[in-house]
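Take the sequence shown: its letter number 21 is residue 20 in numbering that gives the first Met the number 0, and every next letter is one higher. Just so you know, even glycine gets a beta-carbon here, dropped at the ideal spot from N, CA and C. Please read the structure below before turning to the comments.
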Amino acid sequence: MQGDNFNKAIAVTSLVTLAAALALCIPVAERLLAAIWQWYKFAGYSDDGHISLSIEAGLLFSTLLAVLFLSGLWLYQLAKRRAAVHAKHWSFMAVCTAVAAAAGYWLLGASSLNVWRP
0 MQGDNFNKAI
10 AVTSLVTLAA
20 ALALCIPVAE
30 RLLAAIWQWY
40 KFAGYSDDGH
50 ISLSIEAGLL
60 FSTLLAVLFL
70 SGLWLYQLAK
80 RRAAVHAKHW
90 SFMAVCTAVA
100 AAAGYWLLGA
110 SSLNVWRP
């Protein structure tokens, strides 16, 4: 019975980690939509539109994503050893989501649609 409770705890923690990673995708999606809108709205003008991202916010955001990435990776290894199938899938999805969110933020930051603000 104690093993089942531990597997359930791993599954719940993995699901919470996935939910947190998905929640951190929301700001990236919002900035991406804003960049697409600015590009569409001002395409062809001499002073085309830009979005602005903050380097400090990006570092904080990346730190949070790194914590989620490491937590998800640890949960994935733990679930793999315990044969907790749902937890293994959810934690793997959390790891992939954290990587995608970080890559999305920094790729958007490196694009010509961004102007860094202090």
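Alpha carbon of residue i to alpha carbon of residue j, nearest angstrom
i      : j      : result
Lys87  : Ala18  : 15 Å
Leu77  : Trp115 : 40 Å
Met0   : Leu74  : Its pLDDT being 45, under 50, Met0 is placed unreliably in this model, and the value from its coordinates should be taken loosely. Rounded to whole angstroms, Met0 to Leu74 spans 20 Å at the Cα level.
Ser61  : Trp36  : 25 Å
Phe41  : Thr16  : 38 Å
Tyr104 : Gly57  : 8 Å
Asn113 : Leu14  : 33 Å
Leu63  : Leu52  : 17 Å
Cys24  : Ser70  : 17 Å
Extent of the continuous beta strand (DSSP E) run through residue i
i     : result
Leu52 : Ile50 to Ser53
First through last residue of the alpha helix (DSSP H) which encompasses residue i
i      : result
Tyr104 : Val84 to Ala109
Whole-Å CB distance - residue i paired with residue j, under 8 Å assumed
i     : j      : result
Leu72 : Val94  : 6 Å
Val27 : Ala100 : 5 Å
Thr96 : Ala20  : 4 Å
Between the region 3–12 and the region 46–64, do at least 3 Cβ pairs fall closer than 8 Å?
no
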